[in-house]
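A.B. asks: My questions all concern the structure below.
Numbering (the numbering used here), first residue to last: -15 to 162.
Now the structure itself:
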């Protein structure tokens, strides 16, 4: 998704969000959630999820079935002729009601969201995924790696630190591999 004036965004390496007021060459002027204007590098902004909290909770608790309504235009980006999708799994991007959740519930919620994203990407035959999982204790990243290592034709590796920091991975997938 191309960021534009009016887009709701989250910060890649920080907690917080804002609305883009103006886009310059490599920066954007934002109105943050506290009402302050600030300038921020565009490559460190992530589009905010549009699925509502109720939709996410309903999808995750749907008797083990995952059916989160992902809008692929939020994740689609062209890169040298191929599509790549990006998802940010930080809890503040997924729901506002995570404060009373245990660590296990949080990781389970994030993994369910990731599985839905992965399934949607698989159906669309997207070959490159960027997953922003954060640094934390490393449990979410470890669980994502276990999932990906079980998929034929899929590889996972750390994303470029200069572009995404230490809390992101890239998944490359080839389809029709036997």
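Glycine included, C-beta positions come from ideal geometry on N, C-alpha and C.
Please read these numbers as outputs of a predicted model, since none were measured by experiment.
In whole angstroms, what separates the C-alpha of residue 124 from that of residue 95?
C.D. replies: Along the chain shown, one-based indexing puts residue 124 at 140. Along the chain shown, one-based indexing puts residue 95 at 111. C-alpha separation (whole angstroms): 7 Å.
A.B. asks: Below 6 Å CB to CB, which residues in the same chain sit around residue 23 once its five sequence neighbours on both sides are set aside?
C.D. replies: Working through the chain shown from its first residue, we reach residue 23 at position 39. 11, 13.
A.B. asks: So, at 8 Å on beta carbons, what are the nonlocal neighbours of residue 90 in its own chain, with the 5 sequence-adjacent residues on each side left out?
C.D. replies: Translated into positions along the chain shown, residue 90 becomes position 106. So the list reads 75, 82, once near-sequence residues are dropped.
A.B. asks: Are the C-beta of residue 144 and some C-beta of chain C separated by less than 9 Å?
C.D. replies: Here chain C cannot be found, since the structure has a single protein chain.
A.B. asks: What is the rounded straight-line gap between the Cα of residue 114 and the Cα of residue 132?
C.D. replies: Reading the chain shown from its first residue, position 130 is the one you call residue 114. Reading the chain shown from its first residue, position 148 is the one you call residue 132. So the alpha carbons of these two residues sit roughly 13 Å apart.
A.B. asks: Where does the unbroken alpha helix (DSSP H) through residue 105 begin, and where does it stop?
C.D. replies: The count along the chain shown starts at 1 and reaches residue 105 at position 121. Counting along the chain, the alpha helix (DSSP H) containing residue 105 begins and ends at 87 to 107.
A.B. asks: Would you list the one or two residues that DSSP bridges to residue 32?
C.D. replies: Numbered from 1 along the chain shown, position 48 holds the residue referred to as residue 32. According to DSSP, which records beta bridges pairwise, residue 32 is partnered with nothing at all.
A.B. asks: Assuming residue 14 is part of the alpha helix (DSSP H), what are its boundary residues?
C.D. replies: The count along the chain shown starts at 1 and reaches residue 14 at position 30. From DSSP, residue 14 is part of no alpha helix (DSSP H) but of the beta strand (DSSP E) over 11 to 16.
A.B. asks: So, is residue 148 buried or exposed, given that buried needs 16 or more other C-beta atoms within 10 angstroms?
C.D. replies: Taking the first residue of the chain shown as 1, we reach residue 148 at position 164. The residue in question, residue 148, is buried, as its Cβ has 16 or more Cβ neighbours within 10 Å.
A.B. asks: Have a look at residue 0 and residue -6 and give me their C-alpha separation to the nearest angstrom.
C.D. replies: Locating residue 0 in the chain shown gives position 16, where the first residue counts as 1. Locating residue -6 in the chain shown gives position 10, where the first residue counts as 1. Answer to the nearest angstrom: the Cα atoms are 6 Å apart.
A.B. asks: How would you call residue 79, buried or exposed, if buried means at least 16 neighbouring beta carbons within 10 angstroms?
C.D. replies: For the purposes of this step, residue 79 is identified with residue 95 of the chain shown, where counting begins at 1. Its Cβ being crowded by 16 or more others within 10 Å, residue 79 is buried.
A.B. asks: Between which residues of its own chain and residue 21 is the CB-CB distance below 8 Å, once the five residues before and five after are set aside?
C.D. replies: Sequence index remark: in the chain shown, residue 21 carries index 37 (1-based). Same-chain partners within the cutoff: 5, 13, 14, 15.
A.B. asks: Decide if residue 144 is buried, meaning its Cβ has at least 16 other Cβ atoms within 10 Å, or exposed.
C.D. replies: In the chain shown, the residue the question calls residue 144 occupies position 160. Exposed is the call here.
A.B. asks: What is the DSSP secondary structure of residue 113, counted as helix, strand or coil?
C.D. replies: Counting from 1 along the chain shown, the entry for residue 113 is found at position 129. Here residue 113 sits in strand by DSSP.
A.B. asks: Could you give the distance in angstroms between the alpha-carbon of residue 18 and the alpha-carbon of residue 32?
C.D. replies: In the chain shown, the residue the question calls residue 18 occupies position 34. In the chain shown, the residue the question calls residue 32 occupies position 48. When rounded, the distance between both Cα atoms is 17 Å.
A.B. asks: Going by beta carbon distance, what residues of the same chain come within less than 7 Å of residue 45, once the five residues before and after it are set aside?
C.D. replies: Residue 45 sits at position 61 when you count from the first residue of the chain shown. Since pLDDT at residue 45 reaches only 47, below the 50 mark, its modelled position is unreliable, and the value read off the structure follows with that caveat. Cβ neighbours of residue 45 beyond the five flanking positions: none.
A.B. asks: Taking residue 137 as the reference, give the member of 155, 126, 150, 146 with the closest Cα.
C.D. replies: The residue given as residue 137 occupies position 153 in the chain shown. Cα-wise, what sits closest to residue 137 is 155.
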